[in-house]
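Undergrad: Taken in sequence, the protein lines are chains E and L.
The letter at position 12 of the first sequence is residue 12 when you use the numbering used here, and the numbering goes up by one with no holes.
Quick note: to get the numbering used here, add 157 to the position in the second sequence (first position is 1).
In this text, a Cβ means the ideal position worked out from N, Cα and C, and glycines have one as well.
I'd like to ask some things about the structure below.
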Amino acid sequence: MNTFKRLLLLGCISLAAGLLANQFLNEGIPWRLLIPCKPDRFIKARITYFDAETAYRISSANPTVFVDIRPKTDFQVDHLSGAINMPFVEYFRKPSRFPITDKNAAIIVYGFEFGSKKARLFAQSLVRSGFAQVNMLYPGFSGWIQAGLPVEGRKAR
Amino acid sequence: MTGVSRRVVFVLLRIGFGVLLTAASIGKILHPLDFAQAVDNYRLFGETLSRWAAVFMPYLELLTGLCLIFGFWQDAAVFINAVLMCTFLVLVLQAFFRNLDIYCGCFTPKGESKINALKIMENILFAAGSLVLWVLFRMHRIDKKSGRY
């Protein structure tokens, strides 16, 4: 086999291994995230970004669902009170598992860190699926804790 | 440099780069989304292409690294190694000159050192080493064909 064929084969094996492994890895990139999307300007404009205090105030005054996109193990340790857990990778592998069916429900998505990219992608995906009130807790769970706002879970006790 | 000492340097460099690539690929394989973010931070490829890079690159690094360590398909592995190292150097250089305050993402997807003069020196060293390896491989092949050893 000549060098060119070997190069081609190494490239193909790497791509195939990468695509396959990422569907099974815990933090893998689901295939849905590999499909190019339309420009996001319209989608981004429909997401509202809240700081921790505003999110807390709004959730106290109106019925709001917090969606925690962190892994289950982190969620079990502590989370925002009343939040539902939908891990990022799990959602992108099977979006039909998303438990909220009311497209007009007010949703606040959060990840762990400030400006979580995963939370942003998650929120964009919800907008694309037709949810009308999608928001993001921009400082993330870490910002919520720093602001001294209440949490629940094993650690909170 | 004699044929034998050239061969020793070649084998040492080959295994060294093999271990380097294999070690660098592990963190990226385990945290592909973080690696995609690190690639996206270079602001060259766009989000989707960065994700494709995060799916493809770590496995290419791993396979190339293993080929270098075990001396399998050396011609292709040495070539890919040189291309990868030179590409990394170009990426780091452009980020440095564009004043991008980002993590390199070379060995671990996050929490590594930021791009600075030291990082550039490191990448120049790797690129130069990989080119030396490629040249040595060519010479080694010529030696072998001419029946010098």
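#1: Could you check where the alpha helix (DSSP H) with isoleucine 226 of chain L kicks off and where it finishes?
#2: Taking the CB atoms as reference points, tell me whether arginine 208 of chain L and leucine 20 of chain E lie closer together than 8 Å.
#3: Could you tell me whether the Cβ of alanine 233 of chain L comes closer than 8 Å to any Cβ of chain E?
#4: Could you say which of L:Ala285, L:Thr221, L:Met278, L:Glu218 lies nearest to cysteine 243 of chain L if we only look at CA atoms?
#5: Can you name the residues of chain E whose CB is closer than 8 Å to the CB of valine 292 of chain L?
#6: Could you give the residue range of the alpha helix (DSSP H) that holds aspartate 74 of chain E?
#7: Just to confirm my understanding: we take asparagine 104 of chain E, look at its own chain, exclude 5 residues before and 5 after, and list those with CB closer than 7 Å. What are they?
#8: If you draw a straight line from the alpha carbon of glycine 173 of chain L to that of isoleucine 226 of chain L, how long is it in whole angstroms?
#9: With which residues is glutamate 152 of chain E paired in a DSSP beta bridge?
#10: Using the DSSP secondary-structure output, state which residues sit across from phenylalanine 66 of chain E in a beta bridge.
#11: Pair every Cβ in the region 291-303 of chain L with every Cβ in the region 159-168 of chain L, then say whether three or more of these pairs are closer than 8 Å.
#12: If you pair each beta-carbon of the region 58-72 of chain E with each one of the region 84-99 of chain E, do three or more pairs fall below 8 Å?
#13: Under a three-way DSSP split, which group does asparagine 22 of chain E fall into?
#14: Against leucine 34 of chain E, what residues of chain L qualify as contacts under a CB-to-CB distance less than 8 Å, listed in chain order?
#15: Leaving aside the five residues before and after phenylalanine 192 of chain L along the sequence, list all residues of the same chain whose C-beta is less than 6 Å from its C-beta, in chain order.
#16: Strictly under 8 Å for the Cβ-Cβ distance: is arginine 6 of chain E near chain L by that measure?
#17: How would you list, in chain order, the residues of chain L whose beta-carbon sits under 9 Å from the beta-carbon of glycine 28 of chain E?
#18: Relative to the alpha-carbon of lysine 5 of chain E, which residue among L:Ile281, L:Leu248, L:Asn238, L:Ala233 has its alpha-carbon at the smallest distance?
#19: Going by C-alpha to C-alpha distance, which of L:Val196, L:Leu220, L:Ile237 sits closest to glycine 18 of chain E?
#20: I'd like to confirm the pairing. Which residues does DSSP put opposite valine 134 of chain E in its beta bridges?
#21: Would you check if the region 193-206 of chain L and the region 133-147 of chain E touch, i.e. whether three or more CB-CB distances between them fall below 8 Å?
#22: Taking the alpha-carbon positions, what's the leucine 146 of chain E to aspartate 102 of chain E distance?
#23: Indicate whether at least one CB of chain E lies closer than 8 Å to the CB of alanine 193 of chain L.
#24: Just list the residues that DSSP pairs tyrosine 260 of chain L with in beta bridges.
#25: Consult DSSP for asparagine 198 of chain L and reduce its assignment to one of helix, strand or coil.
#26: Is the region 242-258 of chain L touching the region 49-61 of chain E in the sense that three or more CB pairs, one from each, lie closer than 8 Å?
#27: Would phenylalanine 253 of chain L and isoleucine 237 of chain L qualify as a contact pair, given that the criterion is a beta-carbon distance under 8 Å?
#28: Quick one: using the 10 Å Cβ neighbour count with 16 as the cut-off for buried, is valine 77 of chain E buried or exposed?
#29: Does chain L have any CB closer than 8 Å to the CB of isoleucine 58 of chain E?
#30: Identify, in the order they occur along the chain, each residue of the same chain with its Cβ nearer than 6 Å to the Cβ of glutamine 124 of chain E, setting aside the five sequence neighbours on each side.
TA: Taking the geometry as given:
#1: 204-227
#2: no
#3: yes
#4: L:Ala285
#5: The contacting residues do not exist; valine 292 of chain L stays about 15 Å from chain E at best.
#6: 72-77
#7: Ala132, Gln133
#8: 8 Å
#9: E:His79
#10: E:Ile108
#11: yes
#12: yes
#13: helix
#14: Thr205, Arg208, Trp209, Val212
#15: Lys185, Ala211, Pro266
#16: yes
#17: Pro189, Leu190, Val212
#18: L:Ala233
#19: L:Leu220
#20: E:Ile47, E:Ile107
#21: no
#22: Residue identity check: residue 146 of chain E is glutamine in the sequence provided, not leucine. Looking at the two C-alpha atoms, the distance is approximately 31 Å.
#23: yes
#24: L:Lys271
#25: coil
#26: no
#27: no
#28: exposed
#29: no
#30: Ile43
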